[in-house]
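Those protein sequences? They're chains A, B and C, same order as listed. Going by my numbering, the first sequence opens with residue 2, and the numbers climb by one from there. Going by my numbering, the second sequence opens with residue 1384, and the numbers climb by one from there. Going by my numbering, the third sequence opens with residue 14, and the numbers climb by one from there.
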Amino acid sequence: MNTKDIVFIALFAALTAALGVFPPFTLPIVGVPITAQSMGAMLAGSVLGAKRGSLALALFLVLVAAGLPLLAGGRGGFAVFAGPGGGFLVSWILVAFVVGLLCERFWRNLGFFQALGINILGGILVLYPIGIAWISLTTGLSYFEAAAGSLGFIPGDLIKAAIAATVAVTVRKSYPLIEAPRRA
Amino acid sequence: MIRFSGVSHRFGEREVLKPFSLELAERRIAVIGANGSGKSTFVRLINGLLVPTSGSVFVGGLDTKSDGKEVRGKVGFVFQNPDNQIVYPVVEEDLAFGLKNRKLPKDEIARRVETGLARFGLSHLAKEQTHRLSGGEKQMVAIAGVTILEPEIIIFDEPTTLLDLRNKRRVARTISELDEMAIVVTHDLDLVADFDRALVFDEGGLVFDGKPFDAIRHYEGLMG
Amino acid sequence: MISAYRPGTSPIHRLAAGPKMAVLAIAGTGLFFVTGLAGTALALAVVIALYFVAGLTLRDIWQVLRPLLIFMVLLVLAHAWLNGWEAAFAMGMRLAALVLLAGLVTLTTPSSAIMAAIESGLQPLAKLGVDVEKISLALSLALRFIPLIASVGAEVREAQRARGLDGSLVALAVPLLVRTLKMGEDIADAIDARGFGSTRK
Chain A
2 MNTKDIVFIA LFAALTAALG VFPPFTLPIV GVPITAQSMG AMLAGSVLGA KRGSLALALF
62 LVLVAAGLPL LAGGRGGFAV FAGPGGGFLV SWILVAFVVG LLCERFWRNL GFFQALGINI
122 LGGILVLYPI GIAWISLTTG LSYFEAAAGS LGFIPGDLIK AAIAATVAVT VRKSYPLIEA
182 PRRA
Chain B
1384 MIRFSGVSHR FGEREVLKPF SLELAERRIA VIGANGSGKS TFVRLINGLL VPTSGSVFVG
1444 GLDTKSDGKE VRGKVGFVFQ NPDNQIVYPV VEEDLAFGLK NRKLPKDEIA RRVETGLARF
1504 GLSHLAKEQT HRLSGGEKQM VAIAGVTILE PEIIIFDEPT TLLDLRNKRR VARTISELDE
1564 MAIVVTHDLD LVADFDRALV FDEGGLVFDG KPFDAIRHYE GLMG
Chain C
14 MISAYRPGTS PIHRLAAGPK MAVLAIAGTG LFFVTGLAGT ALALAVVIAL YFVAGLTLRD
74 IWQVLRPLLI FMVLLVLAHA WLNGWEAAFA MGMRLAALVL LAGLVTLTTP SSAIMAAIES
134 GLQPLAKLGV DVEKISLALS LALRFIPLIA SVGAEVREAQ RARGLDGSLV ALAVPLLVRT
194 LKMGEDIADA IDARGFGSTR K
């Protein structure tokens, strides 16, 4: 870990916080509000790779736990972790790690569809099982009941995975950090 | 004193500085050149942020290759954009940063921060959030954060490029009043008109070395 | 940076951040074993009493619970339908107690104290090669970068609006990221120049 790694980790923690200030928009039909913030985990993983990406999200969550109102809607503090959404929050670290790991593995041929697949895998298939388990634990709902209640968020996360994939592939062309971290 | 001995530098395949040797001892030295001329690489070699791919750079007898940390203790660096230089969210914390890296005792740090703020007329901003400062104030905080480490040499990398005229003059005055040796990279030819020596870089080569007046004419000739 | 901290001098305020967080972790876990109407009602009452001990008001309690309110109503209704009213209320009260307890720690502890406690909690890991100085630098840097990135974001948004590209998250995020990364290189140089890390080839 050199100074540059620490700076990048801090920058992506801050970036994730900055994504929280975008006004949430509500999906038509499903009626669930979605925020840009969970994209922070996908972006950190696909730009910084597994290690730095997951540390960036861990750093962000430490700041949230310390009580800073950095989550979308100005929320923060331990209560958001104790609440039913806590599992989704903590899973962001794992999302960044898995997305980062796969991006590193497939870096050479990373096009839009590969990146999309990776973000869906990390941002949905990894995220939801843990998030749902925590809902079930905190609310006493069975796992399947909790899952049914969470499905409404999936369309929003598919959109975010697509946006994150587009961004990641574009940034990879102009600023490849995972394979060749050299300044020009 | 700074000595470049047979130094050249490349990034991968690209040669950004052609081989040259040079000694610098004057108190005020200007470094002039177009974007991409190699002047930024040149000054980064002086404080060991970069080490040359061949040859050696010596600062006060220390080799930047083997004594990087000591060299950075002697050579301060003020960057173009103070936003990229200020590390901490509060002014006094930022000034303390470099001192903490030196592992100085707490009361010594507090004392030096106070003097450092006073030296640049920043005492009233001690508790201010750094992101609330104006561009000129930020650059002064950046300069204070470097001088507080008591370097023998301070490098300024285009310190006035992002500032308005009033703040350009404030920074220019601050630089001219420094006791330390100063090496200033700039496009702002007024800033360096009364310096002791000027170097002109072009396409990776040192193409002129002399008095600022002649250097500026040479540079303007190059630019067409 | 504004946090939710409410200054005060109550015993709960005076309790050091580290032990307070430890109590939260233990009590929070303990809550999962509390079931039944009487037990959860008692737990909730104790937590609410602690708010008053800390000199906090019903308003503070309301502000901690408000973001969860719609969810809690839906949850209680779902439970009532699936498992009956008694289970529904017990579950609602347990969740409220858990969230309020966590909120209490945040309301009575300054963010800086929580961060300092986390840093010193990591100190034993220094033996395992975890560099606490670097973690501390990362925390400060992140706080410094949040307003910086927000202002870069505002600049980029303005530039894209001038080109008629506002509303496109991609048109916003790509230049924001590229500028952020470039900034990162320079900031790392500046930190090293002030004597933090060691030289890079």
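Each residue gets a CB set at the ideal place from its N, CA and C atoms; glycine is no exception.
Review point. Leaving out the 5 sequence neighbours to the left and right, which residues in its chain are closer than 8 Å to B/Leu1561 when beta-carbon positions are compared?
Key: By one-based count along the second sequence, residue 1561 of chain B stands at place 178. Same-chain partners within the cutoff: Thr1530, Ile1537.
Review point. Would you say the region 32-46 of chain A touches the region 86-105 of chain C, given that touching needs at least three Cβ pairs under 8 Å?
Key: no
Review point. Beta-carbon of C/Phe46 versus every beta-carbon of chain A: anything under 8 Å?
Key: Within the third sequence, numbered from 1, the residue matching residue 46 of chain C stands at position 33. It does not: the Cβ of C/Phe46 has no partner Cβ on chain A nearer than 8 Å.
Review point. For B/Val1414 versus B/Lys1422, is the C-beta distance shorter than 8 Å?
Key: Working through the second sequence from its first residue, we reach residue 1414 of chain B at position 31. Working through the second sequence from its first residue, we reach residue 1422 of chain B at position 39. In contact: B/Val1414 and B/Lys1422 (Cβ atoms closer than 8 Å).
Practice item. Give a yes or no on whether the minimum CB-CB distance between C/Glu198 and chain A is below 8 Å. Key: In the third sequence, the residue the question calls residue 198 of chain C occupies position 185. Yes, C/Glu198 counts as interfacial toward chain A.
Review point. Relative to chain A, which residues along the region 142-172 of chain C have a C-beta separation below 9 Å, given in chain order?
Key: Asp144, Lys147, Ile148, Leu150, Ala151, Leu152, Ser153, Leu154, Ala155, Leu156, Arg157, Phe158, Ile159, Pro160, Leu161, Ile162, Ala163, Val165, Gly166
Check your understanding: Cβ of B/Pro1435 less than 8 Å from any chain C Cβ?
Key -> Looking up residue 1435 of chain B in the second sequence gives position 52. Cβ-Cβ to chain C under 8 Å: no for B/Pro1435.
Check your understanding: At which residues does the beta strand (DSSP E) containing B/His1570 begin and terminate?
Key -> In the second sequence, counting from the first residue as 1, residue 1570 of chain B sits at position 187. Element bounds for B/His1570: n/a, residue is neither H nor E.
Practice item. List the whole-angstrom C-beta distance separating A/Ile131 from A/Ser92, where the pair is believed to meet the contact cut-off of C-beta under 8 Å. Key: One-based indexing of the first sequence puts residue 131 of chain A at position 130. One-based indexing of the first sequence puts residue 92 of chain A at position 91. Sure, about 4 Å apart at Cβ, within 8 Å.
Exercise for review: Identify the contact partners of B/Gly1528 in chain C, using a Cβ-Cβ distance below 8 Å as the criterion.
Suggested key: Reading the second sequence from its first residue, position 145 is the one you call residue 1528 of chain B. Per Cβ cutoff of 8 Å: Arg207.
Check your understanding: Under a CB-based cut-off of 8 Å, is B/Gly1481 close to chain C?
Key -> Within the second sequence, the letter at position 98 stands for residue 1481 of chain B. True, the Cβ-Cβ gap to chain C drops below 8 Å.
**Study point:** Identified DSSP bridge partners for B/Ile1537
**Key:** Position 154 of the second sequence, counted from the start, is the residue given in the question as residue 1537 of chain B. For B/Ile1537, which the question treats as bridged, DSSP gives the partners B/Gly1459, B/Ala1565.
Check your understanding: Does the region 191-198 of chain C come within contact of the region 5-12 of chain A, defined as at least 3 CB pairs closer than 8 Å?
Key -> yes
**Study point:** chain C contact for B/Val1554 (CB, 8 Å cutoff)
**Key:** By one-based count along the second sequence, residue 1554 of chain B stands at place 171. By this cut-off, B/Val1554 is not an interface position.
Exercise for review: Answer yes if the region 1503-1510 of chain B comes into contact with the region 1480-1494 of chain B, meaning at least three C-beta pairs across the two stretches below 8 Å, and no otherwise.
Suggested key: no
Check your understanding: Excluding five sequence neighbours on each side, which residues of the same chain lie with their C-beta closer than 8 Å to the C-beta of A/Leu117?
Key -> The sequence position of residue 117 of chain A within the first sequence is 116, counting from 1. Listed in chain order, the non-local C-beta contacts of A/Leu117 below 8 Å within the same chain comprise Ala162, Ala163, Ala166, local neighbours out to five positions each way being set aside.
Point to revise | Three-way DSSP call (helix, strand, coil) for B/Val1434 in this model | key: Counting from one through the second sequence, the residue named residue 1434 of chain B turns up at place 51. Reduced to three states, the DSSP call for B/Val1434 is coil.
Review point. Are A/Leu49 and A/Gly101 closer than 8 Å when you measure CB to CB?
Key: For this step, residue 49 of chain A is matched to residue 48 along the first sequence. For this step, residue 101 of chain A is matched to residue 100 along the first sequence. A contact, by the Cβ cut-off of 8 Å.
Exercise for review: Have a look at the DSSP bridge pairing and note the partners of B/Gly1623.
Suggested key: Here chain B comprises residues numbered 1384 to 1607, so residue 1623 of chain B is not present and cannot be evaluated.
Review point. Where B/Arg1397 and B/Phe1387 are concerned, what is the direct C-alpha to C-alpha distance, given to the nearest angstrom?
Key: Indexing the second sequence from 1 puts residue 1397 of chain B at position 14. Indexing the second sequence from 1 puts residue 1387 of chain B at position 4. Between B/Arg1397 and B/Phe1387, the C-alpha separation is close to 20 Å.
Review point. When DSSP labels each residue in this structure, what does B/Pro1542 get in the three-state scheme?
Key: Start at 1 with the first residue of the second sequence, and residue 1542 of chain B comes out as number 159. In the structure shown, B/Pro1542 sits in coil (DSSP, three-state: anything other than H, G, I, E or B).
Practice item. Assign B/Arg1553 to one of three DSSP states: helix, strand, or coil. Key: If you number the second sequence from 1, residue 1553 of chain B lands on position 170. Reduced to three states, the DSSP call for B/Arg1553 is helix.
Check your understanding: Given that C/Ile131 touches chain A, what residues does it touch there, using C-beta distances under 7 Å?
Key -> For the purposes of this step, residue 131 of chain C is taken as the residue at position 118 of the third sequence. Ordered by position in chain A, the residues that pass the 7 Å Cβ test against C/Ile131 are Val63.
Check your understanding: In chain B, what lies closer than 7 Å to C/Ile204 by C-beta?
Key -> Position 191 of the third sequence, counting from 1, holds the residue named residue 204 of chain C. Under the 7 Å cutoff, chain B gives Val1470.
Review point. So, C/Ser119 versus C/Ala67, is the Cβ gap smaller than 8 Å?
Key: Taking the third sequence and counting its residues from 1, the one referred to as residue 119 of chain C is at position 106. Taking the third sequence and counting its residues from 1, the one referred to as residue 67 of chain C is at position 54. The question names Ser, but residue 119 of chain C in the sequence shown is Thr. Their beta carbons are not under 8 Å apart, which means C/Thr119 does not touch C/Ala67 by this criterion.
Review point. Can you tell which of C/Met85, C/Ile61, C/Ile83, C/Phe84 has the C-alpha that lies nearest to the C-alpha of C/Ile74?
Key: Here residue 74 of chain C refers to the residue found at position 61 when the third sequence is read from its first residue. Selected option, being the one with the closest Cα: C/Ile61.
Review point. Rounded C-beta distance between B/Phe1425 and B/Phe1591? I'm assuming under 8 Å.
Key: In the second sequence, the residue the question calls residue 1425 of chain B occupies position 42. In the second sequence, the residue the question calls residue 1591 of chain B occupies position 208. Not confirmed; about 13 Å, so no contact.
Exercise for review: Within its chain, find whatever has a CB closer than 6 Å to the CB of C/Arg297; leave out the 5 residues flanking it on each side and keep chain order.
Suggested key: Lying outside 14 to 214, the shown extent of chain C, residue 297 of chain C is not represented and no answer is given.
Check your understanding: So what does B/Asp1446 bridge to, in DSSP terms?
Key -> As a working mapping, residue 1446 of chain B is identified with position 63 in the second sequence. Per DSSP, B/Phe1441.
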